[in-house]
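Comments concern the structure below.
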Amino acid sequence: MTLRELSRTVDRPLVVPLMGYPGVQLTKSSIKQNGFNWGLHFWTIYELVKKFEPDAIFFMMDLSVEANALGLPVRFPLHESPSVEYPLVKKLDDLNQFLSLDILKDGRVTAFIETMKLMKKTIDIPKGGYVIGPFTLAGLMLGANDIAIATLDDKELVFKVLEFCTTTIIHYAKALVEAGADIIAILEPTAVILSPAAFWEFSGQFVKEIIKEISVIPILHVCGGASNLLDKMVLTGAEGLSLDSLVDFPTAAQKIPEDV
């Protein structure tokens, strides 16, 4: 099923609120607990579905999952989203420490996959999972400021890290699809710093590779003022674009194709 076909299953706009974290109030739990315990995470999502009856549901958004699985240092506050503390890649050789890792063997990655399996068994509306975008993961590995500079003066390093990140993300995305995901949202907030040409060079073409490898509805999210990136975002093959409040939605709707 495509996103367009899904939208035609109801006679009104689809209602798919991204409400994972607020659900902890329903299970009297913490964000940290849900991020490590798939039984609790599923229960939180289940209670959200039961209470609000959305047209589709995503598990909790966590931009640190893949980075944590690679061994980057991550801070886990009790009631806030996790965050990567500092990057570990400064030069090309630093990438070698990650090459032998299979992130599907990581405990938190497993927790999110198992959450999706439980959602598949129990929830009868379309289910979505998140993966980090390639440029955003590369930004966590290199540092946001350093990757911005490296796109200008060390493209070889950036491309090598992006290739590694893309392969890693595909591996995780396929596992989520196999677990039962009907939708995969690719979260690429760091790409908002790029010009349209640079977006395609350092993000869009790699997002397109990810989308080619997954067999479910793909959605691409870019934070902030992404109006200038819309044309390039469409070229990735994403069926849906997730945009921020800084984007003028009526104007954006006129710029994108009917099937997106």
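Here this note's numbering is used: the sequence shown runs in plain steps of one and ends on residue 1581. The beta-carbon is built from N, C-alpha and C at its ideal position, and this holds for glycine as well.
Check                                                                                                                           : Outcome
Taking DSSP as the reference, what is the three-state secondary structure of F1397?                                             : coil
For I1540, which residues does DSSP report across the bridge?                                                                   : A1506 and G1561
Pairing CB atoms from the region 1554–1561 with CB atoms from the region 1518–1527, are three or more of them under 8 Å?        : yes
Identify the residues that DSSP records as bridge partners of K1448: which are they?                                            : I1378
For I1453, list the residues DSSP reports as bridge partners.                                                                   : L1508
Taking the alpha helix (DSSP H) that S1328 belongs to, which residues open and close that run?                                  : L1324 to S1328
Mark M1462 as exposed unless 16 or more other C-beta atoms lie within 10 angstroms of its C-beta, in which case mark it buried. : buried
Taking only the alpha-carbon atoms, compute the straight-line gap between L1567 and G1546 and give it to the nearest angstrom.  : 5 Å
How many angstroms separate the CA atom of R1469 from the CA atom of Q1526?                                                     : Before going further, note that residue 1469 is Ala rather than Arg in the sequence given. About 17 Å.
Return helix, strand or coil for V1430, following the three-state DSSP convention.                                              : helix
Note down the Cα distance separating P1578 from I1535, rounded to an integer number of angstroms.                               : 21 Å
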